[in-house]
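In what follows, a single structure is set out as structure tokens and then discussed.
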Amino acid sequence: MTIVILFRDFQEDNRMSMERYADGLRNYLNQSYASKIDLVNFTPVKDVRFGNGVWAMRFSRYLFYPLQARKQSGAINHIIDHAYAHLLYVLDPQKTIVSVHDLIPLIRWQGGISGISRGRKPWLNIISFRALNRARHLITASQNTKNDLIMRLQCDPQKISVIPYGVDPCFKPYSNQEKEKVCRQWGLPNNGAFRVLLSGSQFYKNQQKAVRAVALFKKITGKPCFLVKIGPPNEEWNNAIELNNLRESSACFSHVPLERMAELYNCVDCLLFPSLYEGFGWPPLEAMACGVPVVASRSASLPEVISDAGILCDAEDIEGLAKALIDISANAELKSALITKGISRANLFSWEKTVEKIFALYEQILNE
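Now the structure itself:
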């Protein structure tokens, strides 16, 4: 039987979206194609002698993982995270595929993300990015990321396939009774407040502008508003809610398991997602699948994902973001239309479709 190896991240790297992607591929490939391929789920083992610091993780990723990977050999090698593309230096490139989720470290350093300082040159990321041209084929979740690969790394467009992510079936609308129950479980107020969800703590999530938009909504309407955040409460978040007097009108949940995220989506009236850059954008799709209206930026890949099923604004336009929230809270017809469009849009993205296209790519490479 044909051996396909999924080369996963170190668990200690805590790249949760990459873990979700790898789990989705493993589960659905096994579900649909177990009779055709022998799928090996390879997770590297970290050398505990080097501790758990940043440099220990870097040594593990760039030195010790290649030493482990070179002992593995499949008919297809699939590196599921572009940050580990340096494994192409030890794997057979002609048998190796890489899933490229975004080039954000490189784009930031090149000044391609508005409103964000360039920072230091990401030397280690660049080592991995430069290896991408060695791969037999690349997979991206969006046309925008494919365009980035072509423009910024001169990758061959014929070697890049756009295969969007799937949405987990746990993301679905709840009944009103179920919503009331999970809101109580999460300790969220049931006082008629307009509840807004933010997702993520990374520098490009634009938390400060999002919080300011919610504060402006509250100021203009005079309505009670409650802000819910999924992700660790970093300095940007803490400063933003203090400056905008939202400490008592917000809740932050650091680590939410996938199977419980749908509960939080179903507790809110809107997802606010004004990211400065995204390689894809899972949260808008998850919210739409749960029947939650979406207000997002029109940055990078987000228009591809959301299409006309949400309200798109400029990421820096605080007034525009606030107006979108006001429109959803005040216009029941608009809210209902967004819910209907969102559910229909999310239904286009399934793991079954994702793995069908990925398996077809495996077969294409094996038959060439």
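Residue -12 is where the sequence shown starts when you use our numbering, and the numbers rise one by one after that.
Cβ atoms here follow ideal geometry from the backbone N, Cα and C, with glycine treated the same way.
> Could you give the distance in angstroms between the alpha-carbon of residue 301 and the alpha-carbon of residue 262?
Replying inline: Locating residue 301 in the sequence shown gives position 314, where the first residue counts as 1. Locating residue 262 in the sequence shown gives position 275, where the first residue counts as 1. Those two C-alpha atoms are separated by around 10 Å.
> Looking at C-alpha atoms only, which residue of 244, 253, 254 and 297 is the closest neighbour of residue 268?
Replying inline: If you number the sequence shown from 1, residue 268 lands on position 281. It is 297.
> In this structure, does DSSP put residue 46 in helix, strand or coil?
Replying inline: Stepping through the sequence shown from its first residue, residue 46 is reached at position 59. In the structure shown, residue 46 sits in a helix (DSSP, three-state: H, G or I).
> Are there 16 or more other CB atoms within 10 angstroms of the CB of residue 144, so buried, or fewer, so exposed?
Replying inline: In the sequence shown, counting from the first residue as 1, residue 144 sits at position 157. Result: exposed.
>> Across the segment 83 to 92 and the segment 241 to 253, are there enough close Cβ pairs to call them in contact, namely three or more that are closer than 8 Å?
In response: no
> When the Cα atoms are used, what is the spatial distance from residue 332 to residue 36?
Replying inline: Residue numbering aside, residue 332 sits at position 345 when the sequence shown is read from its first letter. Residue numbering aside, residue 36 sits at position 49 when the sequence shown is read from its first letter. Cα to Cα, residue 332 sits roughly 48 Å from residue 36.
>> Let's test the definition: count the other Cβ atoms within 10 Å of the Cβ of residue 211 and tell me whether it reaches 16, buried, or not, exposed.
In response: Here residue 211 corresponds to residue number 224 of the sequence shown, with the count starting at 1. Classification of residue 211: exposed, given that the 10 Å Cβ count is below 16.
> Buried or exposed: where does residue 32 fall if 16 or more other Cβ atoms within 10 Å of its Cβ makes it buried?
Replying inline: Translated into positions along the sequence shown, residue 32 becomes position 45. It counts as exposed.
>> By alpha-carbon positions, which one of 338, 344 and 353 ends up nearest to residue 387?
In response: As shown, the chain starts at -12 and ends at 355. That puts residue 387 outside it, with no answer to give.
> DSSP beta-bridge partners for residue 65?
Replying inline: Locating residue 65 in the sequence shown gives position 78, where the first residue counts as 1. DSSP, once it has assigned bridges, lists -7 and 84 as partnering residue 65.
> In whole angstroms, what is the alpha-carbon distance linking residue -11 and residue 2?
Replying inline: Residue -11 sits at position 2 when you count from the first residue of the sequence shown. Residue 2 sits at position 15 when you count from the first residue of the sequence shown. One C-alpha to the other measures close to 29 Å.
>> Counting C-beta neighbours from all protein chains within 10 Å, is the total for residue 182 16 or more, i.e. buried, or is it exposed?
In response: Counting from 1 along the sequence shown, the entry for residue 182 is found at position 195. Taking all protein chains in view, the Cβ of residue 182 is crowded by 16 or more other Cβ atoms within 10 Å, so the residue is classified as buried.
> Quick one: complete beta strand (DSSP E) runs, 3+ long, within the segment 83 to 144?
Replying inline: Here the runs fully enclosed are 83 to 87 and 124 to 127.
> In angstroms, rounded to a whole number, what distance separates the CA positions of residue -1 and residue 41?
Replying inline: Along the sequence shown, read from residue 1 onward, the residue named residue -1 stands at position 12. Along the sequence shown, read from residue 1 onward, the residue named residue 41 stands at position 54. So the two alpha carbons sit approximately 11 Å from each other.
> What separation, rounded to the nearest whole angstrom, lies between the Cα atoms of residue 351 and residue 131?
Replying inline: Position 364 of the sequence shown, counted from the first residue, corresponds to residue 351. Position 144 of the sequence shown, counted from the first residue, corresponds to residue 131. Inter-residue distance for residue 351 and residue 131 is about 24 Å (C-alpha atoms, whole angstroms).
> Distance, Cα to Cα, residue 237 vs residue -9?
Replying inline: Taking the first residue of the sequence shown as 1, we reach residue 237 at position 250. Taking the first residue of the sequence shown as 1, we reach residue -9 at position 4. Cα-Cα distance, rounded: 45 Å.
> Going along the chain, which residues of its own chain have a beta-carbon closer than 8 Å to the beta-carbon of residue 226, five neighbours each way excluded?
Replying inline: Indexing the sequence shown from 1 puts residue 226 at position 239. Contacts found: 195.
> Rounded to a whole number of angstroms, what is the C-alpha to C-alpha distance between residue 79 and residue 147?
Replying inline: Here residue 79 corresponds to residue number 92 of the sequence shown, with the count starting at 1. Here residue 147 corresponds to residue number 160 of the sequence shown, with the count starting at 1. Rounded to the nearest angstrom, the gap between the Cα atoms of residue 79 and residue 147 is 18 Å.
> The alpha helix (DSSP H) with residue 262 in it runs from where to where?
Replying inline: Position 275 of the sequence shown, counted from the first residue, corresponds to residue 262. Looking at the DSSP string, residue 262 is not in any alpha helix (DSSP H), and its letter there is neither H nor E.
>> Between 282, 26, 323 and 53, which has its C-alpha nearest residue -4's C-alpha?
In response: In the sequence shown, residue -4 corresponds to position 9, counting from 1. The shortest C-alpha separation from residue -4 is found at 53.
> Who are the near neighbours of residue 240 in its chain, counting only those whose CB is closer than 6 Å to its CB and skipping five residues on each side?
Replying inline: Here the question's residue 240 lines up with position 253 in the sequence shown. So the qualifying residues of the chain are 217.
> Which residues share a DSSP beta bridge with residue 302?
Replying inline: For the purposes of this step, residue 302 is taken as the residue at position 315 of the sequence shown. Per DSSP, none; premise fails for residue 302.
> Using the beta-carbon count (16 or more within 10 Å), is residue 335 buried or exposed?
Replying inline: Numbered from 1 along the sequence shown, position 348 holds the residue referred to as residue 335. Its Cβ having fewer than 16 others within 10 Å, residue 335 is exposed.
> Can you name the start and end residues of the alpha helix (DSSP H) that residue 226 belongs to?
Replying inline: As a working note, residue 226 is residue 239 in the sequence shown. Counting along the chain, the alpha helix (DSSP H) containing residue 226 begins and ends at 222 to 230.
>> Going residue by residue through the segment 268 to 327, where are the continuous alpha helix (DSSP H) segments of at least 4 residues, counting only ones entirely within it?
In response: 269 to 276, 289 to 293 and 305 to 317
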